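Protein chains in written order, with full-length UniProt numbering: chain G, 1 to 366; chain R, 1 to 283.
Every residue gets a Cβ at the ideal spot worked out from N, C-alpha and C, and that includes glycine.
This structure is a prediction, so every number in the text was calculated from the model and none was measured.
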């Protein structure tokens, strides 16, 4: 079965030939939407990244880009519309209602479904965050349309169709998925996969308010409390300038400390590949890759990581990728800038010491 | 309590290889496992049965061989396994899959009664979409509780539940109504070893197999490839960067290699060295 978008090997060729005509009732669907994730009084950065990407798609299609902003006014919702315009939106659908103050699946699904049916977008992008994934699957089901998760590349093809590319088979291959005869074409994209656009201060747009019919009594789920995370933990990994990560080449859980020591000397953060999480050697919040964190550091050092696509898509935004691996044919050398064929367990302590010496000498000299 | 657990048989992704010449997936000989994320839901279901009594039914859609995964789940202690299998389901995307599984759940509920909880995996390790659970919840009108790290309180009589849910910047404490669709966060529990009697029972258990017609699906256009709005147009290996990595020779001992690597890093990005010197103080 091809459940969950894992294509049947060999079947893709025959499917590529399938010509699907867009049914008449979907032809009026126009424009590109970005769901604006608004929580705790702020817009999630992924929504701004998606406005940048959505802008490109809208320009290519010659249509408008809209942000869809749900929330409750007392939490600075109106100010958020200005950010949407600065980051590229032509208009914002603003849904301001007390029931929408905190995210809950049921009212958000209802409002998003109503908006789509009323204003008919051809493309809808959402961040592949906890919130975005919870919402996207529900909305795609109410609308009975196609949803492609965790896309790493979006493009418009010759037939004005959204070509959404994502890793598949646990990250060993990429596949390009289309939603040919349903609208909207929905996709989620993980944070930091798309570049953050430069905001244009003072850029203006239209606000289109929408008043939903919502009663708190009819919402079955209530938020009793919210326990915010301790900000000091792994939350900085995605934004660190220097990241050191380990893979199965570390051979044992104890050797994670070799990665951490190098990261400490460089003043950076650390993480690991997916197999380390599956083995329980590191927490899921330290995972780097498609299903973990996407990073964009100035320097990324991958120690004992083979470099499956699942990992590659999470690190490709790094300015410089340095790979250490015993296997000269490891895929990581296909996209790293610098490589060494060596045992990470041996080389990491030497590298840590050499960096420490060099920085120390320079600091004394300076 | 009556609890259903949806599972998926997946290839052990760590062992998948791509054919170097044809660029196709080499599936032969790749062992299959129960999607690891599903086991957190199964364990939570078994714990609730330990507390309140009742039954745990595991369900899946897949080829006939997927019954092996159901049997494995019985070995952990589940009471009954149900397999939905039909060639019409081949090529299902997440929308078509949630349709088929919703019909399977309804058919099972006709026999056993409506479940108070349907557990689904947070996501699978082969597709990684996290879409099927929400799809099922939407189709069956279940309260949707995803990324749950703990069930704090549950009252099957009153139909109320309080959970901790992993949100983006913290933990939400939510109260909701049963029936609910719950996906458990990884690490929230650990799957038990089945008892010897469970393992023996599993080996001999009859796995109920239903086809599309048996669960009341009459409109086959909602199933499989035809019922899937997404179309996979192309599967490919990523292109290598135009230039391969500059390789630092690992000769002359590890320390020499380390020094050569650092020289190469700073030669490419001189600004980085200045950043490091000014930033990484205190050593």
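Beta carbon proximity, residue i to chain R, threshold 8 Å
i, result
"residue 304/G", "no"
"residue 177/G", "yes"
"residue 260/G", "no"
"residue 14/G", "In this predicted model, residue 14/G has a pLDDT of only 40, less than 50, meaning its place in the structure is not dependable enough to derive any value."
"residue 350/G", "yes"
"residue 362/G", "yes"
"residue 169/G", "yes"
"residue 271/G", "no"
"residue 2/G", "Below a pLDDT of 50, predicted positions are generally treated as unreliable, and residue 2/G, at 46, falls in that range; no measurement from the model is reported."
"residue 309/G", "yes"
"residue 7/G", "Only weak support is given to the placement of residue 7/G: the predicted model assigns it a pLDDT of 49, under 50, and the question is left unresolved by the model."
"residue 150/G", "yes"
"residue 218/G", "no"
"residue 346/G", "yes"
"residue 25/G", "no"
"residue 97/G", "no"
"residue 100/G", "no"
"residue 160/G", "no"
"residue 294/G", "no"
"residue 337/G", "yes"
Nearest candidate by alpha-carbon position, reference residue i, set the options
i, options, result
"residue 123/G", "227/G, 57/G, 111/G, 47/G", "57/G"
"residue 213/G", "147/G, 255/G, 50/G, 114/G", "114/G"
"residue 176/G", "210/R, 237/R, 208/R", "237/R"
"residue 99/R", "272/R, 217/R, 166/R", "217/R"
"residue 174/R", "98/G, 174/G, 360/G, 226/G", "226/G"
"residue 91/R", "147/R, 255/R, 274/R, 227/R", "227/R"
"residue 71/R", "248/R, 204/R, 123/R, 181/R", "204/R"
"residue 262/R", "238/G, 354/G, 33/G, 81/G", "354/G"
"residue 73/R", "188/R, 274/R, 41/R", "41/R"
"residue 133/R", "278/R, 96/R, 51/R, 152/R", "96/R"
Endpoints, beta strand (DSSP E) assigned at residue i
i, result
"residue 232/R", "230-236"
"residue 112/G", "Segment 105-119 is the alpha helix (DSSP H) holding residue 112/G; no beta strand (DSSP E) there."
"residue 94/G", "91-96"
"residue 144/R", "143-155"
"residue 222/G", "222-228"
"residue 174/G", "173-179"
"residue 60/R", "55-61"
"residue 71/G", "65-71"
"residue 301/G", "299-303"
"residue 73/R", "Run containing residue 73/R: none in the beta strand (DSSP E); it sits in the alpha helix (DSSP H), 67-76."
Endpoints, the alpha helix (DSSP H) within which residue i is located
i, result
"residue 78/G", "77-86"
"residue 139/G", "130-143"
"residue 285/R", "Nothing can be reported for residue 285/R: it is not among the residues displayed for chain R, which extend from 1 to 283."
"residue 199/R", "196-204"
C-beta neighbour in chain G for residue i, strict 8 Å
i, result
"residue 283/R", "With a pLDDT of only 44 at residue 283/R, under 50, the local geometry of the prediction cannot be trusted, and the value read off the model is given with reservation. Taking Cβ atoms only, chain G reaches closer than 8 Å to residue 283/R, which makes this a yes."
"residue 231/R", "yes"
"residue 147/R", "yes"
"residue 247/R", "yes"
"residue 94/R", "yes"
"residue 31/R", "no"
"residue 55/R", "no"
"residue 235/R", "yes"
"residue 5/R", "no"
"residue 186/R", "yes"
Chain A within 8 Å of residue i, Cβ atoms only
i, result
"residue 218/R", "The question asks about chain A, but that chain is absent: this structure's protein chains are G and R."
Handout entry: At least three beta-carbon pairs within less than 8 Å, the segment 161-181 of chain G to the segment 18-32 of chain G
Key = Touching, per the Cβ criterion.
Problem - the segment 52-61 of chain R contacting the segment 81-95 of chain R, beta-carbon criterion three pairs below 8 Å - result: Under the 8 Å Cβ criterion, the segment 52-61 of chain R counts as touching the segment 81-95 of chain R, having at least three qualifying pairs.
Problem - Any 3 or more C-beta pairs closer than 8 Å across the segment 167-176 of chain G and the segment 124-144 of chain G - result: Taking a cut-off of 8 Å on C-beta distances, the segment 167-176 of chain G does not touch the segment 124-144 of chain G, as fewer than three cross pairs fall below it.
Practice task
Could you tell me whether the segment 73-81 of chain G touches the segment 159-166 of chain G, using the rule of 3 or more Cβ pairs below 8 Å?
Solution key: No contact exists between the segment 73-81 of chain G and the segment 159-166 of chain G.
Practice task
Would you check if the segment 295-315 of chain G and the segment 243-251 of chain G touch, i.e. whether three or more CB-CB distances between them fall below 8 Å?
Solution key: Proximity of the segment 243-251 of chain G to the segment 295-315 of chain G meets the contact definition, three or more beta-carbon pairs being nearer than 8 Å.
Problem - Segment contact, 8 Å Cβ cut-off, at least three pairs: the segment 272-290 of chain G with the segment 221-234 of chain R - result: With a cut-off of 8 Å, the segment 221-234 of chain R and the segment 272-290 of chain G do not count as touching, because too few Cβ pairs lie within range.
Practice task
Residues of the segment 155-174 of chain R with a CB closer than 9 Å to any CB of chain G: list them in chain order, please.
Solution key: Here the close residues are 162, 164, 165, 166, 167, 168, 169, 170, 171, 172, 173, 174.
Practice task
Evaluate the contact criterion for the segment 197-214 of chain G versus the segment 144-152 of chain G: three or more CB pairs, one atom per stretch, below 8 Å.
Solution key: Contact between the segment 197-214 of chain G and the segment 144-152 of chain G is absent, because fewer than three Cβ pairs lie under 8 Å.
Problem - Inter-stretch contact at 8 Å, needing at least 3 Cβ pairs: the segment 320-332 of chain G / the segment 226-235 of chain R - result: Too few Cβ pairs lie closer than 8 Å, so no.
Practice task
Give a yes or no on contact between the segment 330-347 of chain G and the segment 261-271 of chain G, applying the rule of three or more CB pairs nearer than 8 Å.
Solution key: As far as the Cβ criterion goes, the segment 330-347 of chain G does not touch the segment 261-271 of chain G, which means the pair count is below three.
Practice task
Please confirm if the segment 156-165 of chain R is in contact with the segment 118-131 of chain R, defined as three or more CB-CB distances below 8 Å between the two stretches.
Solution key: Between the segment 156-165 of chain R and the segment 118-131 of chain R there are fewer than three inter-stretch CB-CB distances shorter than 8 Å, so the stretches are not counted as touching.
Handout entry: Members of the segment 77-105 of chain R that neighbour chain G once the beta carbon cut-off is set at 7 Å
Key = Along the segment 77-105 of chain R, going in chain order, the ones with a CB nearer than 7 Å to a CB of chain G are 89, 90, 91, 92, 93, 94, 95, 97, 98.
Exercise for the section: Check distances from the C-beta atoms of the segment 133-147 of chain G to those of chain R and list, in chain order, the residues that come in under 9 Å. Expected result: Legend: CB atoms of the segment 133-147 of chain G lying less than 9 Å from CB atoms of chain R belong to residues 133, 134, 135, 136, 137, 138, 139, 140, 141, 142, 144, 145, 146, 147.
Practice task
Can you give me, in chain order, the residues of the segment 117-144 of chain R that have a beta carbon less than 8 Å from any beta carbon in chain G?
Solution key: Taking a C-beta cut-off of 8 Å against chain G, the contacting residues of the segment 117-144 of chain R are 123, 124, 125, 126, 127, 128, 129, 130, 131, 132, 133, 134, 135, 137, 138, 139, 143, 144, listed in chain order.
Practice task
Could you name the residues of the segment 319-332 of chain G whose beta carbon sits closer than 9 Å to any beta carbon of chain R, in the order they occur along the chain?
Solution key: Along the segment 319-332 of chain G, going in chain order, the ones with a CB nearer than 9 Å to a CB of chain R are 319, 320, 321, 322, 323, 324, 328, 331, 332.
Practice task
Count the CB pairs spanning the segment 347-362 of chain G and the segment 331-338 of chain G that are closer than 8 Å, and state whether there are at least three.
Solution key: Between the segment 347-362 of chain G and the segment 331-338 of chain G, the count of C-beta pairs closer than 8 Å stays below three; the two stretches do not touch.
Practice task
Could you tell me whether the segment 103-114 of chain R touches the segment 30-48 of chain R, using the rule of 3 or more Cβ pairs below 8 Å?
Solution key: Counting C-beta pairs closer than 8 Å gives fewer than three between the segment 103-114 of chain R and the segment 30-48 of chain R, which falls short of the contact rule.
Exercise for the section: Output, in sequence order along the chain, the residues in the segment 185-211 of chain R whose CB is closer than 8 Å to any CB in chain G. Expected result: Along the segment 185-211 of chain R, going in chain order, the ones with a CB nearer than 8 Å to a CB of chain G are 186, 187.
Practice task
Using a Cβ-Cβ cut-off of less than 7 Å, list which residues of the segment 250-268 of chain R approach chain G; keep chain order.
Solution key: Correct list: 250, 254, 255, 257, 258, 259, 261, 262, 264, 265, 268.
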